[in-house]
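> Just so we're aligned, residue 1 is where the sequence shown starts under the working numbering, counting upward by one.
C-beta atoms are modelled at their ideal positions from N, C-alpha and C, and glycine is treated no differently.
Since the model is a prediction, treat every value here as computed from it, not as a measurement.
Submitted below is the structure of interest, expressed as structure tokens.
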Amino acid sequence: MATDTEIRTRPMIEVAFKDLTLTLKGSRKKLLRSITGKLMPGRVAAVMGPSGAGKTTFLSALAGKATGCAVSGHVLINGKAEPVRAYKKIIGFVPQDDIVHGNLTVEENIWFSARCRLSAEMSKADKVLVVERVIESLGLQAVRESLVGTVEKRGISGGQRKRVNVGLEMVIEPSLLILDEPTSGLDSSSSQLLLRALRREALEGVNICMVVHQPRLF
């Protein structure tokens, strides 16, 4: 069985982009125009801008999920011009809308994601270690056996729900974690708890990029 230290070991990913431009297919409309920058391992990068500025489109382009548009410019992964999709197994993407299962408990949600996303060759014992680390890192120990909840059935708080949503991606031990407005709708206390958890991931070398509307939290 792998040790906790071994499970945490993951490759570093540096993402550099130059003149990144997205054009809506069938038109000349630019969704993004000449975006240049770099995302570094061990750092938390905040993407900010007014509504409609293209923040979510930018994240989708970084994650290789942009559809319905033509992409031009250069994206380098660790200095090499390789397609982002080649790294999809170590890139986590947390959408703005929650994708948790309301009729499952916190632990069941994270375990289900681990069963679906981690290698079939990985032992159950090692998967358990990953799930336990995610639950602990996100501060969800106290509610691990609680139902997430649905519209009809009350469950955990909004902040806890967001952390579970992030946990679904953290189980793959991503080297690059991209989050679309993870703190939207949360109070300052819940936002701080989530950001602290993400900061701990960054300290382990994870490259984190997120859209955020509350820069004062940083």
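Going by alpha carbons, who is nearest to Ala197 out of Met170, Gly92, Ala125 and His213?
Met170
> Please report how far the alpha carbon of Ala81 lies from the alpha carbon of Arg43, in whole angstroms.
Cα atoms of Ala81 and Arg43: separation of roughly 22 Å, rounded to the nearest angstrom.
> How far does the alpha helix (DSSP H) with Thr9 in it reach, from first residue to last?
Unbroken run through Thr9: none, as it is neither H nor E.
> What three-state label does DSSP hand Lys89 in the structure shown?
In the three-state reduction of the DSSP assignment, Lys89 falls in the helix class.
> Can you tell me whether Arg154 is helix, strand or coil according to DSSP?
Three-state DSSP puts Arg154 in coil, outside helix and strand.
> What are the residues that DSSP puts in a beta bridge with Cys69?
Leu24
> Starting from Asn103, follow its DSSP beta bridges and name the residues at the other end.
According to DSSP, which records beta bridges pairwise, Asn103 is partnered with nothing at all.
> Does the Cβ-Cβ distance between Ile110 and Gly158 come in under 8 Å?
no
> Since Thr36 is in the beta strand (DSSP E), which residue starts that stretch and which ends it?
Counting along the chain, the beta strand (DSSP E) containing Thr36 begins and ends at Lys30 to Leu39.
> Would you kindly report the start and end of the unbroken beta strand (DSSP E) that includes Ile172?
Here Ile172 belongs to no beta strand (DSSP E), and DSSP marks it neither H nor E.
> Check the DSSP bridge columns for Leu48 and list the partner residues they point to.
This sequence places Met at residue 48; Leu is not what is there. When DSSP reads this structure, Met48 sits in no beta bridge, so it has no partner.
> Take Ile90 and list the residues in its own chain whose beta-carbon comes closer than 6 Å to its own, dropping the five residues that flank it on each side.
Pro174 and Ser175
> Hey, out of Val128, Met12, Asn103 and Val106, whose CA is closest to Arg115's CA?
Val128
> In whole angstroms, what separates the C-alpha of Met40 from that of Glu14?
5 Å
> What is the residue span of the beta strand (DSSP E) that Val148 lies within?
Per DSSP, Val148 belongs to no beta strand (DSSP E) and is neither H nor E.
> Short of 6 Å in beta carbon distance, which residues of its chain neighbour Gly64, apart from the five on each side in sequence? Order them along the chain.
Val84 and Arg85
> At a cut of 8 Å, does the region 62-77 reach the region 131-140 through at least three beta carbon pairs?
Verdict: no, contact absent.
> Taking the beta carbon of Asp126 as the centre, do at least 16 other beta carbons fall within 10 Å, making it buried, or is it exposed?
buried
> Can you pull the DSSP bridge partners for Leu76?
Ala16
> Could you check the C-alpha separation between Leu203 and Ser189 for me, to the nearest Å?
21 Å
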